[in-house]
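**Student:** Supplied in structure tokens, the structure appears directly below.
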Amino acid sequence: MTSDAKISINFAGKEVAVPARITYFTQREIAFKALQSLGICWFVAAVCVLVPILHFVLTPAAFLAGPIASAFVYFKVQKLPKSLEGSVRCLHCSSDTDFAFANAKPPFYEMCRNCRTGYQVIWPPISRENS
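Those letters in the sequence shown? Residues 1020 to 1150, per the numbering used here, in order.
Now the structure itself:
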């Protein structure tokens, strides 16, 4: 799902609102990531069965941690962007610079292409349009 939103950009303490295009994960991708975490936990549990003494604790713990980790990943990935892109006018040199992040986790940091001044793209967005 792609939507347009207002994103807040922080230039050394000064915040600027700019439009950005955000792509979110689909329900299928979210479910796949959740099932991956469940599979990893259960694989660890299966491997721990072979370890003497420790399998009394590690195997049940990994089996119980699987659904909890899966639920955590499911709800966390729903809120994260798959990609985030936009453009901002630098407050120092007044040149336009683009930013694009794909499969990255917040916080998002970028630099002006012209003067190399760093800025932070603040997540979550201020507002959503066309969602």
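Every residue gets a Cβ at the ideal spot worked out from N, C-alpha and C, and that includes glycine.
Report all residues from its chain with a CB closer than 7 Å to the CB of isoleucine 1033; omit the five preceding and five following residues, and keep chain order.
**Tutor:** Position 14 of the sequence shown, counted from the start, is the residue given in the question as residue 1033. Looking at the sequence shown, residue 1033 is not isoleucine but lysine. Cβ neighbours of lysine 1033 beyond the five flanking positions: Leu1110.
**Student:** Work out the CA separation of glycine 1085 and tryptophan 1061 for me, nearest whole Å.
**Tutor:** Residue numbering aside, residue 1061 sits at position 42 when the sequence shown is read from its first letter. Residue numbering aside, residue 1085 sits at position 66 when the sequence shown is read from its first letter. C-alpha separation (whole angstroms): 6 Å.
**Student:** Using the C-alpha atoms, what's the distance from glycine 1058 back to proline 1038?
**Tutor:** Against the sequence shown, residue 1038 aligns to sequence position 19. Against the sequence shown, residue 1058 aligns to sequence position 39. Distance between the alpha carbons of proline 1038 and glycine 1058: 38 Å.
**Student:** In whole angstroms, give me the CA-to-CA distance for serine 1056 and phenylalanine 1075.
**Tutor:** Indexing the sequence shown from 1 puts residue 1056 at position 37. Indexing the sequence shown from 1 puts residue 1075 at position 56. Those two C-alpha atoms are separated by around 22 Å.
**Student:** Which value, in whole angstroms, describes the spacing of the CA atoms of alanine 1090 and valine 1096?
**Tutor:** Numbered from 1 along the sequence shown, position 71 holds the residue referred to as residue 1090. Numbered from 1 along the sequence shown, position 77 holds the residue referred to as residue 1096. Rounded to whole angstroms, alanine 1090 to valine 1096 spans 10 Å at the Cα level.
**Student:** Between the C-alpha atoms of lysine 1025 and valine 1107, what's the straight-line distance to the nearest angstrom?
**Tutor:** The count along the sequence shown starts at 1 and reaches residue 1025 at position 6. The count along the sequence shown starts at 1 and reaches residue 1107 at position 88. Each residue's Cα considered, the two are about 11 Å apart.
**Student:** Answer yes or no: does any C-beta atom of chain D fall closer than 8 Å to that of threonine 1078?
**Tutor:** This model lacks chain D altogether, as it is built from one protein chain only.
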